[in-house]
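Structure record follows, encoded as structure tokens.
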Amino acid sequence: MRATLSTAVLLAALALPLAAQDSTAHSHDDPDHPAAGGGAVPAGWSVRADKGDASGASITEQGGGLHVVTGPALILYRADKSGKGPFHTLAKFTQTKPSAHAEGYGLFFGGQSLDGKAEQYTYFLIRQDGSYLVKRRDGEKTTDVSKGWVTSAAVKKPGADGTATNLLEVDHKQDPSKFRFLVNGQEVFSTDAKAMQADGGVGLRVNHNLDVRVEGFDVHR
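Structure representation (structure tokens):
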């Protein structure tokens, strides 16, 4: 019996490093891939990368919108789009080609201290596997608002040409008592406004290693 127990303990100990490796495999297999020609930011926009600087991202104006190619995950925002009170924000996103791993992109709002360590905002993302996420960032801490990534038929997946276009909206204006999150005109999630931070910066979030076009971004207060 002792020999059997000792063998079991030894095997369990050997398995622990393997489990640890499996839990971090994604980050090792999919590091940030710096975009060519990165570093510049169109006039009127500010950018913040999750880690380090945003020099590994290419952000250019295209057809009245933006073409964003990441490297590092980042947020983009404009000082003239921040404010107080009920609001409605929207933008159309086109993922131009599938990414190696499903990565999110979309809108954020309630931005505070966006250039400091105590940054705060709530973000609404979709990704190529047909799911959405609503999440809150407070400095280094993030907290789910929706129940993690949630599959929805409203989110269009990449077609035969590898592209996917989706219209995202966050509406706090039609009914200020709640926040409504919509994809292609269909509400996918809503929550009590009392639990959310409405005032502050509004902008875009694009996770790492993505190629996305953004059109029609606006904020109505």
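Here the numbering used here runs 532 ahead of the position in the sequence shown, where the first position is 1.
Positions of the beta carbon are idealized from the N, C-alpha and C atoms, including for glycine.
Since this is a predicted model, take the numbers as computed values, not measurements.
Per DSSP, reduced to three states, the secondary structure at aspartate 693 is coil, with no helix or strand assignment. Distance from the CA of glutamine 706 to the CA of histidine 620, rounded to the nearest whole angstrom, comes to 8 Å. For the 8 Å CB-CB criterion, phenylalanine 641 and valine 702 form a contact.
By the C-beta density criterion, histidine 752 is exposed, having fewer than 16 other C-beta atoms within 10 angstroms. Using a Cβ distance threshold of 8 Å, asparagine 739 and alanine 632 do not count as a contacting pair. When DSSP states are grouped into helix, strand and coil, alanine 581 belongs to the strand group. DSSP places leucine 714 in the uninterrupted beta strand (DSSP E) bounded by 710 to 715.
In the DSSP assignment, glutamine 729 falls outside any beta strand (DSSP E), carrying neither H nor E. At the C-beta level, glycine 694 and lysine 624 stay beyond 8 Å of one another. At the C-beta level, serine 590 and valine 601 come within 8 Å of one another. In this structure, the straight-line span from the alpha carbon of alanine 605 to that of alanine 581 is close to 6 Å.
Within the DSSP bridge table, the entry for histidine 620 names Asp703 and His752 as partners.
Taking C-beta separations shorter than 6 Å and ignoring five residues to either side along the sequence, the partners of glycine 603 in its chain run Asp564, Pro566, Ala567, Gly588 and Ala589, following chain order.
Under DSSP, glycine 636 shares a beta bridge with no residue. In the DSSP assignment, threonine 723 falls within the unbroken beta strand (DSSP E) covering 718 to 724.
The segment 682 to 689 makes no contact with the segment 641 to 654: fewer than 3 CB pairs, one atom from each, lie closer than 8 Å.
DSSP places alanine 686 in the coil class of the three-state scheme, outside both helix and strand. Annotation: glycine 595 to proline 574 spans about 13 Å, alpha carbon to alpha carbon. The C-alpha of glutamine 652 lies about 13 Å from the C-alpha of tyrosine 609. Our two residues, serine 709 and alanine 634, have alpha carbons roughly 33 Å apart in a direct line.
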